[in-house]
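Note that the sequence shown covers residues 31 to 440 in this note's numbering.
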Amino acid sequence: MTLSESGQIETPDFVRSIRTEAVHAPSSGIVEVFNYGRGRQGLIPLWVGEGDMPTPTFIREAATRSLAAGETFYTHQLGLPELRSAIAEYMTRHYQSPFAGSTVPFDANRFFVTTGGMHALHIAVRMVAGVGDEVLVPTPAWPNFVGALSVCGALPVEVPLQMGGTGDNLAWHLDPGMLAAAITPRTRAIIINTPSNPTGWTGSLEELSAVLELARAHDLWIIADEIYGRIVYDGGRAPSFHDLIGPNDKVMFVQTFSKNWAMTGLRCGWLEAPPDLAPIIENLVQYSTSGNSVPIQRAAIAAITRGEDFVAHQIARFAKSRTILCEGLRKTGKVRFATPPGAFYLFARFDGADDTRALAIKMVDEANVGVAPGTAFGAGGAPYVRICFAPKPDDMQQAVERISAWLARL
């Protein structure tokens with residue numbers, strides 16, 4: 031602390047001594063609107079990616095029993111063996127094998143427990159990209175992809191998804207040619223999120239195959255965020271890189287317990303990667319979180335072994351809310367969108383609204399509904415807002431009525 035010539039106390043400029051990538055980590059446009067509207071009486075919050083149901087009782091009770099048993103010590107850095115085995119069994123049930131055409135079940139040694147999906151993403155990024163490296167990110171995209179890359183000093187290269195079709199038949203799609211054109215000698219990886227947050231784009235096997243061929247041809251890693259893979263509305267699950275890859279393909283999968291089992295606040299996820307990477311991942315866990323807590327992992331075991339009925343219940347609710355939202359906004363004649371085949375977000379464009387940050391603030395003030403501005407989601411997202419339809423259908427009906435009445439007043 032020093033005094034100026036006028037005798038005033040001068041505060042040191044601490045920021046100047048902080049690493050550039052930390053100082054310039056992108057702020058979240060979602061959080062900005064969330065904070066603006068937080069605590070508004072009666073507001074319907076559709077800005078973040080979670081529903082209204084708390085974590086199911088049988089999952090919470092598993093954590094409670096673990097706490098009561100005194101399981102509060104350090105544990106396996108890579109996750110409890112029983113949780114890793116439970117994840118392998120779950121993946122075998124839904125994906126059969128990690129490799130296309132194989133009948134070999136998933137091996138527990140492919141799975142590494144993390145403190146949420148964001149932690150899994152950070153570890154994956156740390157392994158493949160650093161200062162000066164480029165990573166391709168199809169956008170509009172969850173802003174945390176760009177954030178995770180930026181704080182590592184890597185350069186996100188945004189490749190816009192394309193909107194095609196007319197009228198009620200609009201759909202997002204990935205142009206492999208644009209992706210290929212963005213590859214340079216500094217490119218190290220491609221991040222693919224399908225089903226997508228925020229657009230709901232769900233990559234076809236043809237699109238995923240094209241991405242895989244590019245990765246093979248240019249020796250790139252793929253970081254596949256398939257956390258919404260079970261949340262689709264035509265039955266079954268979404269296409270996956272598991273349907274295409276072989277043992278030598280450089281693909282890592284980011285996953286979380288947050289969405290399927292309503293565990294957003296409990297912070298548990300996993301990274302799926304070649305077992306050869308285990309010592310490296312173990313070190314990165316050690317130097318970031320030192321491992322996840324045992325009670326939360328006990329809860330995760332309960333979720334993944336006993337939670338299928340809950341997953342089905344959630345998807346049925348999401349489907350009802352999606353129908354209410356899409357049909358209601360379509361009737362206004364003032365909103366355009368592609369009906370999302372997966373995830374639980376509608377990425378919608380309001381006629382005449384060019385500044386969607388201002389639009390989102392205005393919706394909080396005048397419609398008492400919270401949405402996320404498309405400016406938070408990168409290239410191509412600016413004209414849109416993201417509306418989460420994970421809350422219960424009654425809330426979605428009320429939100430549609432408020433938005434429709436608000437639009438009629440404009």
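For each residue, glycine too, the CB sits at the ideal point set by N, CA and C. Note that this is a predicted model, so its numbers are computed, not measured.
Across the set Arg246, Ala333, Phe129, the C-alpha of Ala333 shows the shortest separation from the C-alpha of Ile117. For Pro325, the enclosing alpha helix (DSSP H) begins and ends at 324-336. Counting along the chain, the unbroken alpha helix (DSSP H) around Pro423 starts and ends at 423-439. Taking a cut-off of 8 Å for Cβ pairs, the segment 336-346 and the segment 186-193 do not touch, as fewer than three such pairs fall below it. When DSSP states are grouped into helix, strand and coil, Met282 belongs to the strand group. Sequence-distant partners of Gly410 (beyond 5 residues in either direction) whose C-beta falls short of 7 Å from its own C-beta, in its chain, are Thr169, Pro170, Pro190, Leu191. Burial of Gly404 is indicated by the presence of at least 16 other C-beta atoms within 10 angstroms of its C-beta. In this structure Ala178 is in contact with Leu151, their Cβ atoms being roughly 5 Å apart against a cut-off of 8 Å.
In terms of CA proximity to Ala254, Ile221 leads the group Phe377, Arg246, Ile221. Of the residues Pro305, Met293, Gly259, the one whose Cα lies closest to the Cα of Asn278 is Pro305. A direct Cα-to-Cα measurement between Pro86 and Ala329 gives close to 10 Å. Here Gln71 is exposed: its Cβ has fewer than 16 other Cβ atoms, across all protein chains shown, within 10 Å. Assigned with DSSP and collapsed to three states, Asp306 falls in helix. Going by DSSP, His203 is part of the beta strand (DSSP E) stretching over 201-203. Under the Cβ criterion (8 Å, minimum of three pairs), the segment 255-274 does not count as touching the segment 47-65. The three-state reading of DSSP puts Gly59 in helix, counting H, G and I together. Around the beta-carbon of Gln316, fewer than 16 other beta-carbon atoms lie within 10 Å, marking it exposed.
Taking the CA atoms as reference points, Ala406 sits about 10 Å from Asn174. A straight line joining the alpha-carbon of Arg432 with that of Arg156 spans about 44 Å.
Closest in C-alpha terms to Ala388, from the list Asn139, Thr133, Tyr66, comes Tyr66. Within the segment 157-232, the runs of beta strand (DSSP E) that reach at least 3 residues and sit entirely inside it are, in chain order, 164-169, 185-190, 192-194, 201-203, 217-223. The DSSP-derived three-state label of Pro111 is helix. The C-beta distance from Ala368 to Leu200 rounds to 4 Å, short enough to meet the 8 Å contact threshold. Judged by DSSP secondary structure, Asp395 falls within the alpha helix (DSSP H) whose first and last residues are 386-397.
For Thr50, the enclosing alpha helix (DSSP H) stretches over residues 50-53.
In the three-state scheme derived from DSSP, where H, G and I count as helix and E and B as strand, Ile354 is classed as helix.
Within the same chain, Ser434, Leu437 come within 7 Å of Thr362 by CB-CB distance, once the 5 residues on both sides are set aside.
Rounded to whole angstroms, Lys350 and Val341 show a C-alpha spacing of 15 Å. CA-CA distance, Asp424 to Trp300, rounds to 33 Å. Taking Phe142 as reference, the option from Ser320, Val399, Met208 with the minimal CA-CA separation is Ser320. Cα atoms of Gly109 and Ile310: separation of roughly 14 Å, rounded to the nearest angstrom. Contact between Ala390 and Val415 holds, since their C-beta atoms are separated by about 6 Å, short of 8 Å. Annotation for Ala138: no beta strand (DSSP E) segment contains it, and DSSP assigns it neither H nor E.
For Asp205, the CB contacts under 6 Å within the same chain, skipping 5 residues up- and downstream, are Gln192 in chain order.
In this structure the segment 351-361 does not lie against the segment 390-402, because fewer than three pairs of beta carbons, one per stretch, are closer than 8 Å.
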